[in-house]
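First comes the structure, then the notes that go with it.
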Amino acid sequence: MLRRLERSDRLNWSVIEKYLPLYEKATVLTLKIGWLGVLFSVAIGLAVSLIVHYRIPVLRQTAKIYIEIFRNTPLLIQLFFIYFGLPKIGVSFSPEFCGVLGLGLLGGSYMAETFRSGIEAVDKIQYETALSLGMSKAQVMFHIVLPQAITYSTPAFVANIIFLLKETSVFSAISLMDLMFTAKDLIGLYYKTAECLVMLVVFYLLILLPVSVIGSVVERRLSYASFGD
Amino acid sequence: MADKLLTIEHLKKSYGDNLILKDFNLTVNRGEVVVIIGPSGCGKSTLLRCINGLEEIQGGEIKLYGEKIDRNKKNIAEIRQKIGMVFQSYELFPHKTVLQNIILAPIKVQKRSKSDVIKEAEYLLEKVGLSDKRDVYPRQLSGGQKQRVAIVRALCMHPEIMLFDEVTAALDPEMVREVLDTILELAKQGRTMIVVTHEMSFARAVSDRVLFLDKGEIIEEDIPERIFDNPKTERARRFFNTFEYDAVKNHTDTLNRKV
């Protein structure tokens with residue numbers, strides 16, 4: 000009895016091998032939707048942060064409302080609205096598109112705040128110095144402010160990317176066959192809970208560790224280029 | 000006939016209810032070095048910022064060669080190219096090397112040829128003794144070195160007039176000299192400058208004319224010899240007295256004798 004228990008505690012490698020292709024397929028889907036969502040969120044974030052920075056009337060207030068709504072509601076609920084809610088008013092998208100859209104909108108609100116704080120971290124007198132050299136506002140933004148702002152916001156930016164890629168785990172709720180969906184599905188079918196969960200953790204680490212490592216390298220490089228140390 | 004480069008007429012500047020400059024008038028001729036001194040909060044720095052169009056003004060006019068300086072007008076960037084400004088906190092761009100700091104605006108704004116600008120930058124760097132710092136980042140420089148780079152950066156735009164805003168105030172005493180020597184050299188070349196400073200002996204050496212400012216008004220205006228040695232107003236006398244009580248001993252003694 001005791002021995003049998005011990006044996007069942009150990010991971011069954013043949014099961015892992017069998018599930019591997021399914022996990023790989025799910026990883027590809029998670030990566031695809033995750034990174035498309037990240038790209039989308041960067042685009043939204045940049046646009047929104049510039050709108051807020053330049054205090055463009057109307058758009059600015061809209062941007063603020065957008066940020067507050069999407070930062071303060073869970074992704075799962077946003078996905079429900081997009082996937083189950085929008086069809087009720089005649090707009091329906093594929094689960095994949097909904098995933099990218101949801102992630103992009105959620106991430107956009109985070110990215111906007113990250114970029115805005117980066118832009119604000121650049122001292123006002125740096126703008127003035129650049130202006131005093133005769134640069135146009137666009138030149139100041141492009142040559143002086145943005146390069147420094149990017150450096151300031153890199154740590155938060157990398158954290159956002161990791162956060163967003165992890166958030167993909169709720170996609171299973173809109174029937175996207177991502178990693179979480181695959182693991183839950185397999186557990187439900189074959190009860191190989193330990194194997195499925197360990198694989199889930201390993202695959203998430205495989206997705207996220209490189210981001211983390213590359214992120215800190217980029218951070219160091221940028222800070223060297225920006226501040227010389 | 001003097002060549003009027005900068006004219007300020009009835010300039011009024013306030014922050015909300017706080018009136019900084021009231022009805023300020025000043026004319027600076029080409030080749031003239033005007034030094035502005037006064038207690039902190041008297042409006043010296045604000046004046047320089049107004050001249051560079053960095054501040055909204057509430058009244059009056061500032062003209063450079065008859066062209067109105069208005070921060071909301073399209074040509075402001077063009078006018079600013081003719082006004083070189085050096086700030087107290089240097090404000091080098093931290094993400095660019097010394098050379099990149101200097102050549103950025105001449106290349107991007109004035110569209111001059113890169114090789115020409117680099118040649119000029121190298122020449123100017125050599126003159127201020129910083130040739131070997133060409134490719135380092137600002138962080139690796141001392142305060143005095145940063146300030147000399149900032150001066151070179153402004154010079155490289157070929158400005159008509161240079162504005163110095165307390166450029167040695169943030170420096171260690173031993174670095175003050177190297178920066179002041181640089182400015183003195185520029186004065187000798189006949190450059191037009193407005194210098195805001197607390198360095199009295201430097202002010203005396205560099206200036207053609209000294210303005211004593213208090214509470215946004217010119218209290219006294221004279222050639223340096225007269226204003227320092229024999230100020231007409233009580234306010235200026237008191238100000239110089241607190242400044243030079245031990246630096247220029249006999250100066251203080253004369254004042255004491257008079258009081």
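From first to last, the protein sequence lines stand for chains Z and D.
Numbering that gives the first Met the number 0 puts the first residue of the first sequence at 0, with every later residue one more than the last.
Numbering that gives the first Met the number 0 puts the first residue of the second sequence at 0, with every later residue one more than the last.
C-beta: ideal position from N, C-alpha, C; glycine also.
CB contact below 8 Å: residue i versus chain Z
i      : result
D:V108 : yes
D:R133 : no
D:T76  : The sequence shown places Ala at residue 76 of chain D, rather than the Thr named in the question. Interface residue, yes.
Simplified DSSP state of residue i, which is helix, strand or coil
i      : result
D:L140 : coil
D:E165 : coil
Z:T72  : coil
D:I217 : strand
D:V209 : strand
D:V194 : strand
D:V135 : coil
D:K3   : strand
Z:F162 : helix
Z:S222 : helix
D:L129 : coil
D:G42  : coil
D:T26  : strand
Z:M0   : Any reading at Z:M0 needs caution, since the residue's pLDDT is 48, under 50, leaving its predicted position unreliable; the model's value is listed next. Residue state, collapsed to three classes: coil.
D:H157 : coil
D:S13  : strand
D:K67  : strand
Z:I55  : coil
Z:V99  : helix
Residue i burial status per 10 Å Cβ neighbour count (16 or more: buried)
i      : result
D:N24  : exposed
D:H94  : buried
Z:I76  : exposed
D:L170 : buried
Z:G84  : exposed
Z:F162 : exposed
D:H9   : exposed
Z:V27  : exposed
Z:F156 : buried
D:Q139 : exposed
Z:K87  : exposed
D:Q144 : buried
D:D164 : buried
Z:G33  : buried
Z:Q138 : buried
Z:I213 : exposed
Z:V201 : exposed
Proximal residues of chain Z, C-beta to C-beta of residue i below 8 Å
i      : result
D:R147 : By Cβ distance, chain Z contributes nothing, its closest Cβ being about 16 Å from D:R147, past 8 Å.
8 Å Cβ cutoff, residue i in contact with chain D
i      : result
Z:M140 : no
Z:E127 : yes
Z:T113 : no
Residue i beta carbon near the ligand COA (any heavy atom closer than 7 Å)
i      : result
Z:D122 : For the ligand COA, the structure offers nothing, since it holds no ligand at all.
Closer than 9 Å at the beta carbon, the chain D residues around residue i
i      : result
Z:I143 : F92, H94, K95 and L103
Z:Q147 : F92, P93 and H94
Neighbour list for residue i in chain Z, Cβ cutoff strictly below 9 Å
i     : result
D:L53 : E127, L130 and S131
D:R79 : L130, S131, L132, G133 and M134
Under 8 Å by beta carbon: chain D residues contacting residue i
i      : result
Z:I124 : F86, S88 and E90
Z:T150 : H94
Beta-carbon gap between residue i and residue j smaller than 8 Å
i      : j      : result
D:V85  : D:A153 : yes
Z:V169 : Z:L30  : no
Z:I15  : Z:M198 : yes
D:R147 : D:V178 : yes
D:M174 : D:S141 : yes
D:I78  : D:I7   : no
D:M156 : D:M192 : no
D:I82  : D:I50  : yes
Z:Y82  : Z:T181 : no
D:A202 : D:V34  : yes
Z:A111 : Z:V51  : yes
D:A149 : D:L91  : yes
D:R32  : D:V151 : It is Val, not Arg, that sits at residue 32 of chain D in the sequence shown. For D:V32 and D:V151, no; Cβs fall outside 8 Å.
Z:L100 : Z:L74  : no
D:Q80  : D:K12  : no
D:G42  : D:I68  : no
Z:G98  : Z:I173 : yes
Partner residues on chain Z for residue i, Cβ-Cβ distance less than 7 Å
i      : result
D:E156 : According to the sequence as given, residue 156 of chain D is Met; it is not Glu. The answer, in chain order, is L132 and G133.
D:Q188 : None at all; the shortest Cβ gap to chain Z is about 21 Å.
8 Å Cβ cutoff, residue i in contact with chain A
i      : result
D:V209 : In the structure shown, chain A does not exist; the protein chains are Z and D.
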